[in-house]
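**Q** Taken in order, these protein sequences are the chains called C and A. Residues in the first sequence are numbered from 1 upward in steps of one, following my numbering. Residues in the second sequence are numbered from 1 upward in steps of one, following my numbering.
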Amino acid sequence: MSDQIDIALTVNGEARRAKVEPRKTLADMIRQDLGLTGTHLGCEHGVCGACTVLVDGAAARSCLMLAVQADGSTITTVEGLATDGEMNRLQRAMWESHAFQCGFCTPGFLMQLTELLSENATPTEAEIRDELSGNICRCTGYESIINGALLAAGVQPGGHNETTGSA
Amino acid sequence: MDEALSSLAEAGEDAKILAGGQSLMPLLSLRLARPSALVDLGRVGGLDGIIEQDHTVTIGTMVRERAMERSAVVAEKIPLLAAGLPLIGHPAIRNRGTVGGSIAHADPAAEIPAVAVALEAEMVIRSAARGERRVPAADFFQGFFTTALEPDEALVSVCFPVAPPGSGVAFVEAARRHGDFAMVGAAAALNAEDGRITDARIALIGVADTPLRRREAEQALLGAEVGSAPFEDAAAAAAEGLTPASDLHGTGQYRRHLARVLTRRALEQAASDVRAAA
Chain C
1 MSDQIDIALT VNGEARRAKV EPRKTLADMI RQDLGLTGTH LGCEHGVCGA CTVLVDGAAA
61 RSCLMLAVQA DGSTITTVEG LATDGEMNRL QRAMWESHAF QCGFCTPGFL MQLTELLSEN
121 ATPTEAEIRD ELSGNICRCT GYESIINGAL LAAGVQPGGH NETTGSA
Chain A
1 MDEALSSLAE AGEDAKILAG GQSLMPLLSL RLARPSALVD LGRVGGLDGI IEQDHTVTIG
61 TMVRERAMER SAVVAEKIPL LAAGLPLIGH PAIRNRGTVG GSIAHADPAA EIPAVAVALE
121 AEMVIRSAAR GERRVPAADF FQGFFTTALE PDEALVSVCF PVAPPGSGVA FVEAARRHGD
181 FAMVGAAAAL NAEDGRITDA RIALIGVADT PLRRREAEQA LLGAEVGSAP FEDAAAAAAE
241 GLTPASDLHG TGQYRRHLAR VLTRRALEQA ASDVRAAA
């Protein structure tokens, strides 16, 4: 079963093609064939959340999808968040909150939060914690990550759900 | 679907169906499963509907857990399923995981199989050689990761009976971490007329090799007043005779204790859900 299959997909707004074995995961295709190494592979069996990307707008573990399953879909990876080298609002908020240390888990957290904020611009802290419950960080701890998410959502950490003006 | 079923039959006994991939893909990554071929249902049409008809909601096998979570039909007509869905994994898992995948995988700690058993759902199964057949949930789950599905068969949809208006439900679990598979979980649904329980359903997960319906405990509640039903006795009956296995996360004895406590909590929550609706 080493036949290669041609796939075409949109990644971070660009049309991309790849020739992959059917057994290859979406994560490996993104890293090895597309050269987008911002998507990190931690556990490789769906537990850690580091490899989370958006598939047609929905957060998904790229290690739990085959590349061929993504044929024709629209993928957003962490490289798709910034515009012209400028961090987006979420990235800036995470930066300001020191929401990472080694940074390995960061792409997964950012993509999971991107999905949350696209569906719910002003989540509560409880909603953020629930949304991020499947993402594991092994060095910074979660407080600064939650604070970054709250800042991005315009919510004061520990406070109520007050939306500040958009930055 | 016919093409997928033919491919499955041709690929032989070691082939597997790939639905949402949230259980099978980790097994492949860990080399715990080594199927000779995968038949992906991702692009097969007609498997993603949630259709209500004649007191039944039929859910296509590829309907994602997140889609069910957001479905007004599921919330209103199958409230016990709606109660169980948020307990499955994490949002990114539920974005991909499917109703059919969860049921066909048959993890004894999974939520959707317990809902299917509690509500007496019916599985619609097809193969290229023998066409369609229907299997009640009670006969479908046969053991650890073992179901009534033959190697050349696929689950195409699941039929859940519509809950009567005003029924009360709850799904409670004890898990080591948020989103983990539960050590033990309890699903409960109660129907009442004039303040008295007319139907009770209790299913437990994590205590045996399949989700377990607890009929004796259910019987103990029939006719009782919703507000003062013998939930403690029913919970004790539900835990009676269980012999859950011990593992790293807890002993069998602890799991039996959890089964009693969680059944009582689920019943009490379901009862207050009934009263809130009344």
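Where a beta carbon is used, it is the ideal one built from N, C-alpha and C, also for glycine. It should be emphasised that the depicted structure is a prediction, and the values quoted were computed from it without experimental measurement.
If Leu57/A sits next to Ile50/A, beta carbons under 8 Å apart, how far is it from one beta carbon to the other, in whole angstroms?
**A** On the second sequence, position 57 is the one that residue 57/A refers to. On the second sequence, position 50 is the one that residue 50/A refers to. The sequence as given places Val at residue 57/A; Leu does not occur at that position. Val57/A to Ile50/A, Cβ: 7 Å. Contact.
**Q** Counting Cβ pairs closer than 8 Å, one from the stretch 252 to 262 of chain A and one from the stretch 194 to 207 of chain A, do we hit at least three?
**A** These segments touch.
**Q** Look at Ala152/C and Ala93/C and say whether their C-beta atoms are less than 7 Å apart.
**A** Position 152 of the first sequence holds residue 152/C. Position 93 of the first sequence holds residue 93/C. Yes.
**Q** Less than 8 Å between the CB atoms is what I'm expecting for Thr198/A and Ala192/A, so what's the real figure, rounded?
**A** In the second sequence, the residue the question calls residue 198/A occupies position 198. In the second sequence, the residue the question calls residue 192/A occupies position 192. About 6 Å; that satisfies the 8 Å criterion.
**Q** Assign Met87/C to buried or exposed, taking buried as 16 or more other Cβ atoms, counted over all protein chains shown, within 10 Å of its Cβ.
**A** Taking the first residue of the first sequence as position 1, residue 87/C is located at position 87. Per the 10 Å Cβ criterion, exposed.
**Q** To the nearest angstrom, report how far apart His178/A and Ala129/A are at their CA atoms.
**A** The count along the second sequence starts at 1 and reaches residue 178/A at position 178. The count along the second sequence starts at 1 and reaches residue 129/A at position 129. The straight-line gap from Cα to Cα measures roughly 43 Å.
**Q** Could you tell me which chain D residues have their CB closer than 9 Å to the CB of Gly60/A, listed as they occur along the chain?
**A** Within the model displayed, chain D is absent; protein chains C and A are what it includes.
**Q** Could you check if Gly165/C is buried or exposed, using at least 16 other CB atoms within 10 Å of its CB as the buried criterion?
**A** If you number the first sequence from 1, residue 165/C lands on position 165. Residue confidence for Gly165/C is low, a pLDDT of 39 falling below 50, so the modelled location carries little weight and cannot support an answer.
**Q** Taking all protein chains shown into account, do 16 or more other C-beta atoms lie within 10 angstroms of the C-beta of Phe144/A, making it buried, or fewer, making it exposed?
**A** Taking the second sequence and counting its residues from 1, the one referred to as residue 144/A is at position 144. That one is exposed.
**Q** If we cut at 7 Å on Cβ distances, does Ala18/C have a partner in chain A?
**A** Position 18 of the first sequence, counted from the start, is the residue given in the question as residue 18/C. So, not an interface residue.
**Q** In the stretch 30 to 53 of chain C, which residues sit with their C-beta less than 9 Å from some C-beta in chain A, listed in chain order?
**A** Correct list: Cys43, Glu44, His45, Gly46, Val47, Gly49 and Thr52.
**Q** Under 7 Å between the Cβ atoms of Ala217/A and Ala237/A?
**A** Mapped onto the second sequence, residue 217/A falls at position 217. Mapped onto the second sequence, residue 237/A falls at position 237. Yes.
**Q** So, under 8 Å CB-CB, Ala62/C and Val68/C are touching, yes? Tell me the CB distance rounded to an integer number of Å.
**A** Here residue 62/C refers to the residue found at position 62 of the first sequence. Here residue 68/C refers to the residue found at position 68 of the first sequence. A small correction: the amino acid at residue 62/C is Ser; Ala does not occupy that position in the sequence shown. Not a contact, Cβ separation roughly 13 Å.
**Q** Using 8 Å for Cβ pairs, my map puts Glu111/A next to Leu87/A. What's the rounded Cβ distance?
**A** Residue 111/A sits at position 111 when you count from the first residue of the second sequence. Residue 87/A sits at position 87 when you count from the first residue of the second sequence. Between Leu87/A and Glu111/A the Cβ distance is about 5 Å, and since that is below 8 Å, they are a contact.
**Q** In its own chain, which residues sit with a C-beta less than 8 Å from the C-beta of Glu120/A, not counting the 5 before and 5 after it?
**A** Numbered from 1 along the second sequence, position 120 holds the residue referred to as residue 120/A. Closer than 8 Å at the Cβ level, and outside the excluded window around Glu120/A, lie Pro136, Ala137, Ala138 and Pro161.
**Q** Apart from the five residues just before and just after His160/C, which ones in its own chain have a Cβ nearer than 6 Å to its Cβ?
**A** Here residue 160/C refers to the residue found at position 160 of the first sequence. Any reading at His160/C must be qualified, since the residue scores a pLDDT of 49, below 50, and its modelled position is unreliable; no value is offered.
**Q** Give the secondary structure of Asp139/A by DSSP, where H, G and I count as helix, E and B as strand, and everything else as coil.
**A** Taking the second sequence and counting its residues from 1, one reaches residue 139/A at position 139. If DSSP states are grouped into helix, strand and coil, Asp139/A belongs with the helices.
**Q** Where does Pro86/A fall in DSSP's three states?
**A** To locate residue 86/A, count along the second sequence from 1; it is residue 86. Three-state result, Pro86/A: helix.
**Q** Given a threshold of 16 other Cβ atoms within 10 Å of its Cβ, counted over all protein chains shown, does Lys19/C qualify as buried or as exposed?
**A** Along the first sequence, read from residue 1 onward, the residue named residue 19/C stands at position 19. When all chains shown are included, Lys19/C counts as exposed.
**Q** If you measure between the beta carbons of Thr140/C and Phe104/C, is that distance less than 7 Å?
**A** Counting from one through the first sequence, the residue named residue 140/C turns up at place 140. Counting from one through the first sequence, the residue named residue 104/C turns up at place 104. Against a cut-off of 7 Å, the Cβ pair of Phe104/C and Thr140/C comes out as no contact.
**Q** So the alpha helix (DSSP H) Asp288/A belongs to, where does it begin and stop?
**A** Because chain A here runs from 1 to 278, residue 288/A falls outside it and cannot be looked at.
**Q** Where does the unbroken alpha helix (DSSP H) through Asp233/A begin, and where does it stop?
**A** Residue mapping note: residue 233/A aligns to position 233 of the second sequence, counting from 1. Asp233/A -> alpha helix (DSSP H) spans Phe231 to Ala239.
**Q** Tell me which same chain residues have a C-beta within less than 7 Å of the C-beta of Ala174/A, skipping the five on either side of it?
**A** Sequence index remark: in the second sequence, residue 174/A carries index 174 (1-based). Answer for Ala174/A: Ala182, Met183, Val184, Leu258 and Leu262, listed in chain order.
**Q** Would you say Gly165/C faces chain A, with C-beta separation under 7 Å as the test?
**A** As a first step, residue 165/C must be located in the first sequence, where it is residue number 165. Confidence is the limiting factor: at Gly165/C the pLDDT is only 39, short of 50, which leaves the residue's position unreliable and the question unanswerable from this model.
**Q** Bridge partners of Cys159/A, per DSSP?
**A** Residue mapping note: residue 159/A aligns to position 159 of the second sequence, counting from 1. For Cys159/A, which the question treats as bridged, DSSP gives the partners Thr58/A and Glu122/A.
**Q** Looking at C-alpha atoms only, which residue of Asp84/C, Gly38/C, Glu14/C and Thr25/C is the closest neighbour of Phe109/C?
**A** The residue labelled residue 109/C in the question sits at position 109 within the first sequence. Answer by Cα proximity: Gly38/C.
**Q** When the distance is taken between beta carbons, is Ala114/A closer than 7 Å to Pro211/A?
**A** The residue given as residue 211/A occupies position 211 in the second sequence. The residue given as residue 114/A occupies position 114 in the second sequence. Yes. Within cutoff.
**Q** With DSSP as the reference, please indicate the residues paired to Asp199/A in a beta bridge.
**A** Against the second sequence, residue 199/A aligns to sequence position 199. DSSP, once it has assigned bridges, lists Asn191/A as partnering Asp199/A.
**Q** Interface residues of chain A around Glu131/C at Cβ under 7 Å?
**A** The residue you call residue 131/C lines up with position 131 of the first sequence. Pro91, listed in chain order.
**Q** Does chain C have any CB closer than 7 Å to the CB of Asn95/A?
**A** Residue numbering aside, residue 95/A sits at position 95 when the second sequence is read from its first letter. Yes, contact with chain C.
**Q** Of all Cβ atoms in chain A, is any one closer than 7 Å to the Cβ of Arg61/C?
**A** The residue given as residue 61/C occupies position 61 in the first sequence. Yes, Arg61/C lies at the interface with chain A (some Cβ there is under 7 Å from its Cβ).
**Q** Specify the secondary structure class of Thr106/C as computed by DSSP and reduced to three states.
**A** As a position in the first sequence, residue 106/C is number 106, starting the count at 1. Thr106/C falls in the helix class under three-state DSSP.
**Q** Specify the secondary structure class of Glu13/A as computed by DSSP and reduced to three states.
**A** Here residue 13/A refers to the residue found at position 13 when the second sequence is read from its first residue. Reduced to three states, the DSSP call for Glu13/A is coil.
**Q** Is Lys77/A helix, strand or coil by DSSP?
**A** Locating residue 77/A in the second sequence gives position 77, where the first residue counts as 1. Three-state result, Lys77/A: helix.
**Q** Which term fits Asp152/A, buried or exposed, when burial requires 16 or more other beta carbons within 10 angstroms of its beta carbon?
**A** Mapped onto the second sequence, residue 152/A falls at position 152. Answer is buried; the Cβ neighbour count reaches 16.
**Q** What are the start and end residues of the beta strand (DSSP E) that includes Asp6/C?
**A** What you label residue 6/C is simply residue 6 of the first sequence in a count that begins at 1. From DSSP, the beta strand (DSSP E) with Asp6/C extends over Ile5 to Val11.
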